[in-house]
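Numbering (full-length UniProt numbering), first residue to last: 1 to 796.
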């Protein structure tokens, strides 16, 4: 075992001797355990001398620190114990004969004969204290792990305490069998060591020997501040006896009636006062008093200094405080709930705590509580003096802040269709399911959704608590409402040759063809259709869209050509012979206004079908054809009743053409006017008038001989049957009919002026280039200009 050095021990002994010697020389030396001045009953330990002997708990103690009322057992306990059960683990619960267990176990609680239990009722006068469990004497030798102190009722001297007290001349620690220093403490570590005193020397016991040696103990206690000296003089022969400022109750058990309180002040104390409750006012104590409710009593008194103490009265049963009532706003799932608390009788205290996974703290109840997570809510009432009603509680478990799963959106999109049904399947906890199409508004989902156009369907669900799921979606792309496109034929058209109906669509499902309302078996697009008749073609695509066309194949003509050519105004009987070429087929009539031809089926004959300009004319009807322009061609087709024979004829009707009168004049003085018809110069001009047939081209040239100004007028063909008059002046050329009315627009007249001033000259090429005239031969132009005069042939 390691011992404290010899020099350290000798220095301590020399220090004690030196203090005694100094006291003798001064004539005031006091030897240890000899009272300097005896204290009277009722005085307090802080007034006693250090080193005084005190009788406490049936044992003698040394007062090593009067100010702290600290006592060290005079002598050792007599029982020996090892430090701990093992050196790695020292705890009062690990072994009945460990130091910690022996010092502090309560016999009444544990049934063991421990030091604390041996102090009898006076053990209640001990003030628990924070004991050091380490020392700074040897930093290389750790003595504990964890906290450097431990709070207990009974402890041991520390290393530093021993160093101080053993060197104090007023203290005589004596020399007893080996005894421990340092209060035992649980140790979970590696190297430990324990200090002990043996033969008046300080030693340390390393860990290897902790379980091999049993030593005595010299316990240390701290007494409460209301303990006072009751008798004795503090010497070994007459130790101080102790009393304690106390309180006596008339009833010690629980009671509902008042309790009389007697305060036991120290005998020599003065200025005795007390107050009830922390907020009460101090009053002089002169006699016992009554309490009707539990309370803390504070006392003060003077005894060579101000003293104070406090006592609790807890055995008075207050009037019953009713259990609070708790109400939850809803029991159905919700994102939050409100809890209301009612404390019947309106007690001084109405409070609550919330346990949401950990112990809550009591808080004053001031109004309804809003919870956003499930929890247990507790409530209680109190009278303000520590009496509370039974607790009541309610468990809130219906708060749900977890969104439901989004609905599953499904549809049959495996094939093209004109409409698609979309279904939403919500999660089990959903109470509302909604959908929207594209960017439209949300609407409740009540059943299958019928789509007629491609789009994206979105879905979401809401649970009973109001939580909204994320969105789910499904995009529909297989809706097709566009009919097939049939090419090669047109609806309502008639054809004289075979046709090839076809389609470039690749999603066709069915093709059906009827001829004269009879189904054509096995027909497919691209197959030519040539037999005469009326056809109905129906094409269906994969989505069910259809396209229907009706067309006619006319029979090939057996004969044809021009049926007749006649002028309008021909008498009706002139057409009689036409019917002989098509006996029984049709009859022709020219209208009285000589502007229309009427074609109708014959009143009698072999029967069949009649078509005029491709349009069918049924029995009893008449086709009316208006005559337009100069010549009108009418196409007439007949088809036999058995649809095996046909013929097509052309009837050409030409309007009668009458010569028209064209007149021209000019207001130029000395003017020469020259006119050509179809580029042929007209040398004679009778009174400025000329008869012109339809379709002829008229050109007029006017010459102002005085100033050499030329006016060349060009026009287009003159329409048949429309007499015109050509009038020329300096600014315009106008055409009118004989009656003076404006002529039809088929006559085009252009007014241009060529040259400028007398003596001017213009070549032939320049003349016709500027006039815009074309198609003239040089000979015709020379002839025209020679009639006007050589003056204008300059340069050729």
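Yeah, the Cβ is synthetic: ideal placement off N, Cα and C, and Gly gets one too. As the structure is a prediction and not an experimental result, all values here were calculated from the model.
Within the segment 226-292, not a single complete alpha helix (DSSP H) segment reaches 4 residues in length. Shown here, residue 103 sits in a helix according to DSSP, grouped into three states. Taking 8 Å as the cut-off, the beta carbon of residue 550 is found closer than this to the beta carbon of residue 534. Contact between residue 384 and residue 349 holds: their C-beta atoms lie close to 6 Å from each other, under 8 Å. The beta carbons of residue 461 and residue 426 sit closer together than 8 Å. Looking at the backbone, the Cα of residue 42 and that of residue 292 are separated by about 31 Å. In the structure shown, the three-state DSSP call for residue 119 is helix. It is roughly 21 Å from the alpha-carbon of residue 616 to the alpha-carbon of residue 548. The three-state secondary structure of residue 415, taken from DSSP, is coil. Per DSSP, the unbroken beta strand (DSSP E) holding residue 475 starts and ends at 472-476.
Shown here for residue 130: same chain residues with a beta carbon closer than 6 Å to its own, the five before and five after excluded, namely 149 and 151 in chain order.
Rounded to the nearest angstrom, the Cβ distance from residue 288 to residue 256 is 20 Å, too far for a contact under 8 Å.
Here residue 179 really is in contact with residue 216; their C-beta atoms are around 4 Å apart, less than 8 Å. For residue 159, the secondary structure class from DSSP, reduced to helix, strand or coil, is helix. Residue range 337-342 is occupied by the beta strand (DSSP E) that includes residue 340.
With respect to the C-alpha of residue 466, the residue from 336, 116 and 538 having the closest C-alpha is 336. The residues 533 and 534, in chain order, have a CB closer than 7 Å to that of residue 516 in the same chain once the five nearest residues on each side in sequence are set aside.
For residue 205, the enclosing beta strand (DSSP E) starts and ends at 201-206. A straight-line Cα-Cα distance of about 14 Å links residue 176 and residue 61. Our two residues, residue 219 and residue 164, have alpha carbons roughly 17 Å apart in a direct line.
Taking the Cα of residue 272 as reference, the smallest distance to any Cα among 308, 250, 252 and 251 is reached at 308. Sequence-distant Cβ neighbours of residue 174 in its own chain, meaning closer than 8 Å and more than five residues away, are 74 and 75.
For residue 222, the enclosing beta strand (DSSP E) covers residues 220-222. When 306, 410 and 226 are compared, the shortest CA-CA separation from residue 477 is found for 410. One thing to note: residue 297 has its Cβ within 8 Å of the Cβ of residue 311.
Just measuring C-alpha positions, the residue of 390, 394, 369 and 366 sitting nearest residue 377 is 394. Residue 182 has its alpha-carbon roughly 5 Å from the corresponding atom of residue 157. Residue environment analysis places residue 214 among the exposed positions, since fewer than 16 neighbouring C-beta atoms fall within 10 angstroms of its C-beta. With contacts defined by Cβ atoms closer than 8 Å, residue 171 and residue 45 do not form a contacting pair. Contact between the segment 499-507 and the segment 433-443 is absent: fewer than 3 CB-CB pairs across the two stretches fall below 8 Å. Under DSSP, residue 70 takes part in a beta bridge, and its partners are 65 and 222.
For residue 229, same chain residues with a beta-carbon under 6 Å away, outside a window of 5 residues either side, are 39, 43 and 240 in chain order. With a cutoff of 8 Å on beta-carbon distance, residue 102 and residue 127 are scored as not near each other. Relative to the Cα of residue 453, the nearest Cα in the group 417, 433, 486 and 443 belongs to 417. Comparing alpha carbon positions, the residue from 372, 536, 327 and 380 closest to residue 401 is 372. Spanning the alpha carbons of residue 422 and residue 545 requires a straight line of approximately 21 Å.
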